[in-house]
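Working notes, beginning with the structure itself.
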Amino acid sequence: MQATSWDPAQYLRWSDHRLRPAVDLLQRVPLASPARVVDLGCGTGNVTALLRARWPHARVTGVDASGTMLERARASDPGVDWRQADVGTWAPPAPVDVLFSNATLHWLDDHAALFPRLLTLVAPDGALAVQMPRNFGEPSHTSIYEVAREGRWRARVEPLIRPEPCKPPEYYWDLLAPRVRALDVWESVYTQALTGDNPVADFVKGSWLKPFLDALDGAERAAFEHAYRTRVARAYPPRADGTTLFPFRRLFIVARC
Ligand SMILES: C[S@@+](CC[C@H](N)C(=O)[O-])C[C@H]1O[C@@H](n2cnc3c(N)ncnc32)[C@H](O)[C@@H]1O
1378 MQATSWDPAQ YLRWSDHRLR PAVDLLQRVP LASPARVVDL GCGTGNVTAL LRARWPHARV
1438 TGVDASGTML ERARASDPGV DWRQADVGTW APPAPVDVLF SNATLHWLDD HAALFPRLLT
1498 LVAPDGALAV QMPRNFGEPS HTSIYEVARE GRWRARVEPL IRPEPCKPPE YYWDLLAPRV
1558 RALDVWESVY TQALTGDNPV ADFVKGSWLK PFLDALDGAE RAAFEHAYRT RVARAYPPRA
1618 DGTTLFPFRR LFIVARC
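Residue numbers for the sequence shown follow the numbering used here, beginning at 1378 and rising by one.
Now the structure itself:
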């Protein structure tokens, strides 16, 4: 799959909602004082800052493929070892105590191979902690695919439609339980209360919609976005008080090695 180009400003517009699952995941990592911590897919470093605050004595590495996101991360904290690399192939020099990944691994395919590989990067008594969105069957995401297939842009954008990247919780249980000492897998649906005009479209524009818009130019890009926004506005109408509720399912995994 072609790498997505990230826009930190668009992504961070909804940073409160995007950070909350990372906080929830972090609370469930039962390590008091890990020496080596890695944030896989660290983006702008927002979540890395939480890891630094929780474990101030740890050596923290942030890994991300996007130079734009890392530029912001580097400016935020010179005390982190920031690395530009593909998390599908990157490996630390020695196994680490916490391998943390918030909202990143759904960008990678073949979880059957990826997750066992990640476990090999975790030291004995360490933990792999992962959060991934699992909203791909909801109108926020299916509307992208419908618009992609229906318009004159079909030939260009249809190849960007991927099979659902994240599997149900039981899939990860079956994959990981035989390989680890203890495993915690759960899902939460966050009822995100958003404000503004068509905020669900705006939220998705910072992530899953972006590769589709990036594949188109000028008028076509605008027409694609308009068609998407129209569908999403119908699927997520504002409440009487003007708030738009955007239910968003997320999957969490904490594996103790
Ligand atoms: C949705 S952002 C999450 C950023 C951060 N973890 C957070 O929670 O705010 C996803 C990040 O994953 C990175 N990413 C996606 N695929 C990647 C890959 N194969 N290797 C490294 N980074 C990747 C993107 O560059 C982006 O910064």
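Glycine residues also receive a C-beta, built at the ideal position from the N, C-alpha and C atoms.
*Which whole-angstrom value describes the C-beta separation of V1464 and A1506, a residue pair presumed to lie in contact below a C-beta threshold of 8 Å?*
By 1-based counting over the sequence shown, the position of residue 1464 is 87. By 1-based counting over the sequence shown, the position of residue 1506 is 129. 14 Å between Cβ atoms; not a contact.
*Looking at the structure shown, is Q1387 part of a helix, part of a strand, or coil, going by DSSP?*
One-based indexing of the sequence shown puts residue 1387 at position 10. Looking at Q1387 - three-state DSSP - the assignment turns out to be helix.
*Tell me the start and end of each unbroken beta strand (DSSP E) in the region 1498–1540 that is at least 3 residues and wholly inside, in chain order.*
Runs of the beta strand (DSSP E) spanning 3 or more residues and lying entirely within the region 1498–1540 occur at 1499–1510, in chain order.
*Between which two residues does the beta strand (DSSP E) harbouring A1632 extend?*
Here residue 1632 refers to the residue found at position 255 when the sequence shown is read from its first residue. Here the beta strand (DSSP E) through A1632 covers T1621 to R1633.
*Which runs of the alpha helix (DSSP H) fall wholly inside the region 1428–1471 and span at least 4 residues, in chain order?*
Fully enclosed alpha helix (DSSP H) runs of 4 or longer: 1444–1453.
*Exposed or buried, which one is V1440 when buried takes at least 16 other CB atoms within 10 Å?*
Along the sequence shown, one-based indexing puts residue 1440 at 63. Buried, because 16 or more other Cβ atoms sit within 10 Å of the Cβ of V1440.
*Is D1487 buried or exposed, if buried means 16 or more other CB atoms sit within 10 Å of its CB?*
Position 110 of the sequence shown, counted from the start, is the residue given in the question as residue 1487. Flag for D1487 reads exposed.
*So, helix, strand or coil for V1494, using DSSP?*
Translated into positions along the sequence shown, residue 1494 becomes position 117. Correcting the residue identity first, residue 1494 is Arg in this sequence and not Val. In this structure, R1494 counts as helix in the three-state DSSP scheme.
*Of the choices P1545, V1534, T1497 and A1489, whose alpha-carbon is the least far from that of G1514?*
Position 137 of the sequence shown, counted from the first residue, corresponds to residue 1514. Selected option, being the one with the closest Cα: P1545.
*Continuous beta strand (DSSP E) stretch holding Y1605: start and end*: For the purposes of this step, residue 1605 is identified with residue 228 of the sequence shown, where counting begins at 1. Careful: Y1605 lies outside any beta strand (DSSP E), inside the alpha helix (DSSP H) at G1595 to A1612.
_Counted within 10 angstroms of its Cβ, other Cβ atoms place P1385 as buried (16 or more) or exposed_ = Working through the sequence shown from its first residue, we reach residue 1385 at position 8. Sixteen is the threshold: when 16 or more other Cβ atoms of the shown chains lie within 10 Å of the Cβ of P1385, as they do, the residue is buried.
*Indicate whether the contact test is met: 3 or more Cβ pairs, each with one atom in the region 1576–1583 and one in the region 1407–1420, closer than 8 Å.*
The region 1576–1583 and the region 1407–1420 do not touch, with fewer than 3 CB-CB distances between them shorter than 8 Å.
*Near M1378, which residues of its chain fall below 6 Å by C-beta distance, leaving aside the five closest residues on each side in sequence?*
Your numbering for residue 1378 matches position 1 in the sequence shown. Residue placement at M1378 is flagged as unreliable, the pLDDT there being 46, under the threshold of 50; a coordinate-derived value is accordingly withheld.
*Which residues DSSP lists as bridging P1413, in chain order*: Counting from one through the sequence shown, the residue named residue 1413 turns up at place 36. Sequence check: residue 1413 is Arg here, not Pro. According to DSSP, R1413 bridges with R1436.
*Classification of A1416 by the beta-carbon crowding that lies within 10 angstroms, buried from 16 upward*: On the sequence shown, residue 1416 is found 39 positions in, with the first residue counted as 1. According to the sequence shown, residue 1416 is Asp rather than Ala. Classification for D1416: buried.
*Near L1586, what residues of its chain come up, given a Cβ to Cβ distance below 7 Å and the 5 sequence neighbours on each side ignored?*
Against the sequence shown, residue 1586 aligns to sequence position 209. Within the same chain, I1521 and Y1605 come within 7 Å of L1586 by CB-CB distance, once the 5 residues on both sides are set aside.
*asked:* Tell me whether W1391, by its Cβ, gets closer than 8 Å to a heavy atom of ligand 1.
replied: For the purposes of this step, residue 1391 is identified with residue 14 of the sequence shown, where counting begins at 1. Because no heavy atom of ligand 1 lies under 8 Å away, the Cβ of W1391 does not count as near it: no.
*Compute the Euclidean distance between the alpha carbons of L1403 and N1512, then round it to the nearest angstrom.*
Here residue 1403 refers to the residue found at position 26 of the sequence shown. Here residue 1512 refers to the residue found at position 135 of the sequence shown. In this structure, the straight-line span from the alpha carbon of L1403 to that of N1512 is close to 21 Å.
*What residues in its chain sit with their C-beta under 6 Å from that of F1625, if we drop five residues either side in the sequence?*
As a working note, residue 1625 is residue 248 in the sequence shown. Once the five neighbours on either side are set aside, the close Cβ partners of F1625 are N1512, Y1567 and Q1569.
*Assign S1565 to one of three DSSP states: helix, strand, or coil.*
Counting from 1 along the sequence shown, the entry for residue 1565 is found at position 188. The answer is strand: DSSP assigns S1565 an E or B state.
*Whose C-alpha, out of T1381, F1477, T1445 and A1632, is nearest the C-alpha of D1561?*
For the purposes of this step, residue 1561 is identified with residue 184 of the sequence shown, where counting begins at 1. Nearest Cα to D1561 within the set T1381, F1477, T1445 and A1632: A1632.
_Could you check whether A1480 and P1398 sit closer than 9 Å to each other, using their CB atoms as the reference points?_
Position 21 of the sequence shown, counting from 1, holds the residue named residue 1398. Position 103 of the sequence shown, counting from 1, holds the residue named residue 1480. The Cβ atoms of P1398 and A1480 lie closer than 9 Å to each other.
*Identify the continuous alpha helix (DSSP H) that holds L1402 and give its terminal residues.*
Within the sequence shown, residue 1402 is the residue found at index 25, counting from 1. In this chain, the alpha helix (DSSP H) harbouring L1402 covers S1392 to Q1404.
*What residues in its chain sit with their C-beta under 7 Å from that of F1589, if we drop five residues either side in the sequence?*
For the purposes of this step, residue 1589 is taken as the residue at position 212 of the sequence shown. If we look at F1589 and ignore the five residues flanking it on each side, its Cβ neighbours are I1521, A1525, V1534, L1537 and F1601.
_C-beta contact flag for L1447 and N1423 at 9 Å_ = One-based indexing of the sequence shown puts residue 1447 at position 70. One-based indexing of the sequence shown puts residue 1423 at position 46. Taking 9 Å as the Cβ cut-off, L1447 and N1423 do not qualify as a contacting pair.
*Reducing DSSP to helix, strand and coil, say where A1617 ends up.*
Translated into the one-based positions of the sequence shown, residue 1617 becomes position 240. Assigned with DSSP and collapsed to three states, A1617 falls in coil, not helix or strand.
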